[in-house]
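First up is the structure itself, then whatever we jot down about it.
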Amino acid sequence: MLFLLLGIVLLHIAALVLLFVSTIVNTWVETSGSSADLWLNCSTTNGGSHCDPANTSEWIQAVQATMILSVIFSVISLFLFFCQLFTLQKGGRFFFTGIFQILASLFVMSGAIIYTVKNADWVPESASYGYAYILAWVAFPLALISGCIYVILRKRE
Amino acid sequence: MLSFIALASIILASLAPQSEAIWVYTGWERHALVGSEVRLSCSFFSWRWLSDDVTFSWSYKPDNARSSISIFHYAGGQPYVDNKGPFRDRLEFVGNPQKRDGSILIRNLDYNDNGTFTCDAKNPPDIVGRPSSVKLLVFDKVPVRAGVITGAIIGSVLGLVILIVAIYFLMRFLVARRVLNLSVSKIEKGKKVKGKEGSQQRQGPVLYATLDQSTKLKAAGSEKKKSGDSKKDKK
Numbered sequence: 001m002l003f004l005l006l007g008i009v010l011l012h013i014a015a016l017v018l019l020f021v022s023t024i025v026n027t028w029v030e031t032s033g034s035s036a037d038l039w040l041n042c043s044t045t046n047g048g049s050h051c052d053p054a055n056t057s058e059w060i061q062a063v064q065a066t067m068i069l070s071v072i073f074s075v076i077s078l079f080l081f082f083c084q085l086f087t088l089q090k091g092g093r094f095f096f097t098g099i100f101q102i103l104a105s106l107f108v109m110s111g112a113i114i115y116t117v118k119n120a121d122w123v124p125e126s127a128s129y130g131y132a133y134i135l136a137w138v139a140f141p142l143a144l145i146s147g148c149i150y151v152i153l154r155k156r157e
Numbered sequence: 158m159l160s161f162i163a164l165a166s167i168i169l170a171s172l173a174p175q176s177e178a179i180w181v182y183t184g185w186e187r188h189a190l191v192g193s194e195v196r197l198s199c200s201f202f203s204w205r206w207l208s209d210d211v212t213f214s215w216s217y218k219p220d221n222a223r224s225s226i227s228i229f230h231y232a233g234g235q236p237y238v239d240n241k242g243p244f245r246d247r248l249e250f251v252g253n254p255q256k257r258d259g260s261i262l263i264r265n266l267d268y269n270d271n272g273t274f275t276c277d278a279k280n281p282p283d284i285v286g287r288p289s290s291v292k293l294l295v296f297d298k299v300p301v302r303a304g305v306i307t308g309a310i311i312g313s314v315l316g317l318v319i320l321i322v323a324i325y326f327l328m329r330f331l332v333a334r335r336v337l338n339l340s341v342s343k344i345e346k347g348k349k350v351k352g353k354e355g356s357q358q359r360q361g362p363v364l365y366a367t368l369d370q371s372t373k374l375k376a377a378g379s380e381k382k383k384s385g386d387s388k389k390d391k392k
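Just so you know, the protein sequences line up as chains A and B, in that order. Using my numbering, the letters of the first sequence correspond one by one to residues 1 to 157. Using my numbering, the letters of the second sequence correspond one by one to residues 158 to 392.
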């Protein structure tokens, strides 16, 4: 049914948008008046906001790399889905699409885990997690479910 | 004509010295760990031959200070190192003035050594030039540059994925070629067993093989797809 196809594509795009927002917006941790990670530490003093580059420790760079990789893989998976939709034989499975989407979800999971475990090195005690961090955790199961659906799916007609 | 050329060259030769200057080179920044040593290099370029009165001077300006103090001077073939200032007993001259090198070595660095070191070289009569400065940054741990590890991880993972996909397609191509070779040899054996025919019929097997091969491949492909068909059929 067309609705099923539409629903699956919408799920994929939702996971992709969450990944993009989580990677680009710089609010993985927040304190009152400043937000930080992954790319900038921005603080708003009375006047304007001033941004410094984020800490350059190895673990932040690893989280940056895994988030970027997950976005790349999710985009490739969306592209492959449309390719395979038109070229797959009847009864075929969307293996490549599903594999890339599952890889994207694994990368987001590892990035979020690394950040959770290692952020005590550079984040002050008073900070709390921001919404970009939560979006990363939400994007992980969405991408995983989407990838599993692709692996199970078969092409009809 | 010749006299005109001679006059022009003399005028040019007399003009040239007024445009030359001495160029002093040092690094831009030096990073070092606390307690280690650092070599601050200084060299110069001059249009003139190296004179016996070449001089090198190093001066140091701490980060928060306004003025600089002189810490090293080389003149008349003798180096004179700092024996009263912040670098006494820590400074050593490791340059070679004959090779236009006026580098110094500072040992046992401390956080107070953060600052700007300025080298001024003079090669009489070539004395017009700007001194050059190098900033010294002392760390307790050398920081990783931003983006190095990120780029390395992304590059290696993408390279690995591309390699795996390439190997997968290569295996598929090789398996298909092997199936083609096997079926060609089978058909040729079958034709030989039947007996020798005319030359036109000998060319037959080539066409036979490709036709037969394409149908065999299609059959094999659809067989693979239908084999796992125990699950629900969705679209």
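We put the beta carbon where it would ideally sit given N, CA and C, even for glycine. All of these numbers come straight from a predicted model, not from anything done at the bench.
Other residues of its chain near residue i: CB distance less than 7 Å, five sequence neighbours each side excluded
| i | result |
| --- | --- |
| B:S260 | R196, L197, S198, C199, V251, G252 |
| A:L6 | none |
| B:L364 | Unreliable placement is indicated for B:L364, whose pLDDT of 48 sits below 50; the coordinate value is still reported in the next sentence. So the list is empty, once near-sequence residues are dropped. |
| A:L144 | I102, S105 |
| A:G33 | S43, T44 |
| A:D37 | N26, W28, V29, A54, I60 |
| B:G385 | Unreliable positioning characterises B:G385 in this predicted model, as indicated by a pLDDT of 41, which lies under 50. The coordinate reading is nonetheless provided below. Nothing listed; no residue qualifies. |
| B:V322 | none |
| B:S227 | S214, S216 |
Beta-carbon spacing of residue i, residue j below 9 Å
| i | j | result |
| --- | --- | --- |
| B:T307 | A:A54 | no |
| A:W59 | A:Y115 | yes |
| B:Q255 | B:L207 | yes |
| A:F147 | A:F107 | Checking the sequence shown, residue 147 of chain A turns out to be Gly, not Phe. No; because the gap between Cβ atoms is not below 9 Å, this pair is not in contact. |
| A:A132 | A:N26 | yes |
| B:R257 | B:S203 | yes |
| B:F274 | B:W185 | no |
| A:P124 | A:T56 | no |
| B:N269 | B:P288 | no |
| A:L80 | A:F96 | yes |
| A:A15 | A:S110 | no |
| A:G98 | A:I134 | no |
| A:L4 | B:V314 | no |
| B:D210 | B:G233 | yes |
Neighbourhood of residue i by C-beta, 6 Å cutoff - its chain only, sequence neighbours within 5 removed
| i | result |
| --- | --- |
| B:R247 | I263, R264, N265 |
| B:P219 | G272 |
| A:A153 | Strictly speaking, residue 153 of chain A in this sequence is Leu, with Ala absent from that position. Hits under 6 Å: F94. |
| A:I76 | F100 |
| B:E177 | W204 |
| B:W336 | For the sequence presented, residue 336 of chain B should be read as Val rather than Trp. Hits under 6 Å: none found. |
| A:Q216 | Shown here, chain A extends from 1 to 157; a query on residue 216 of chain A therefore has no answer. |
Residue i: CB within 8 Å of a non-hydrogen atom of the ligand ZN
| i | result |
| --- | --- |
| B:G233 | The model depicted lacks the ligand ZN and carries no ligand whatsoever. |
Segment limits, alpha helix (DSSP H) that includes residue i
| i | result |
| --- | --- |
| A:L103 | 95-118 |
| A:T66 | 58-87 |
| A:L144 | 131-152 |
N- and C-terminal bounds of the beta strand (DSSP E) containing residue i
| i | result |
| --- | --- |
| B:L293 | 289-296 |
| B:K279 | 272-279 |
| B:Y231 | 226-232 |
| B:F250 | 248-250 |
| B:L262 | 261-263 |
| A:V123 | Counting along the chain, A:V123 falls outside any beta strand (DSSP E), and DSSP gives it neither H nor E. |
| B:Q235 | 235-238 |
| A:D52 | 49-53 |
Proximity test, Cβ basis, 9 Å: residue i and chain C
| i | result |
| --- | --- |
| B:R302 | The structure shown contains no chain C; its protein chains are A and B. |
Own chain residues within Cβ distance below 8 Å of residue i, not counting five before or after
| i | result |
| --- | --- |
| B:Q357 | A caution first: B:Q357 carries a pLDDT of 47, below 50, which makes its placement in the model unreliable, though a value can still be read off. Once the five neighbours on either side are set aside, B:Q357 has no close Cβ partner at all. |
| B:G355 | With a pLDDT of only 48 at B:G355, under 50, the local geometry of the prediction cannot be trusted, and no value is derived from it. |
| B:I284 | I179 |
| B:L294 | E186, R187, H188, A189, N271 |
| B:F201 | I179, W180, V181, Y182, R257, G259, A278, N280, G286 |
| A:M1 | none |
| B:A222 | G272 |
| B:F296 | H188, A189, L190, V191 |
| B:E380 | With a pLDDT of 45 at B:E380, under the threshold of 50, the modelled position of that residue is not reliable, and no figure is offered here. |
| B:Q235 | none |
Next item on the list: Give a yes or no on contact between the region 84-92 of chain A and the region 325-333 of chain B, applying the rule of three or more CB pairs nearer than 8 Å.
Entry: At 8 Å Cβ cutoff, the stretches do not touch.
Notebook entry, point to check: Which full runs of the beta strand (DSSP E) of 3+ residues lie inside the region 172-224 of chain B, going along the chain?
Noted result: Annotation: the region 172-224 of chain B contains the following complete segments of the beta strand (DSSP E) (minimum length 3 residues), in chain order: 179-183, 186-190, 195-197, 199-202, 212-219.
Notebook entry, point to check: Contact between the region 275-288 of chain B and the region 179-190 of chain B: three or more CB pairs below 8 Å?
Noted result: Verdict: yes, contact present.
Note to self: Under 8 Å: do the region 10-29 of chain A and the region 133-144 of chain A share three or more Cβ pairs, one atom per stretch?
What the structure shows: Under the 8 Å Cβ criterion, the region 10-29 of chain A counts as touching the region 133-144 of chain A, having at least three qualifying pairs.
Check: In the region 3-45 of chain A, which residue ranges form an unbroken beta strand (DSSP E) of at least 3 residues, counting only runs that do not cross its ends?
Finding: Listed in chain order, the complete beta strand (DSSP E) runs (minimum 3 residues) inside the region 3-45 of chain A are 29-31, 34-36, 40-44.
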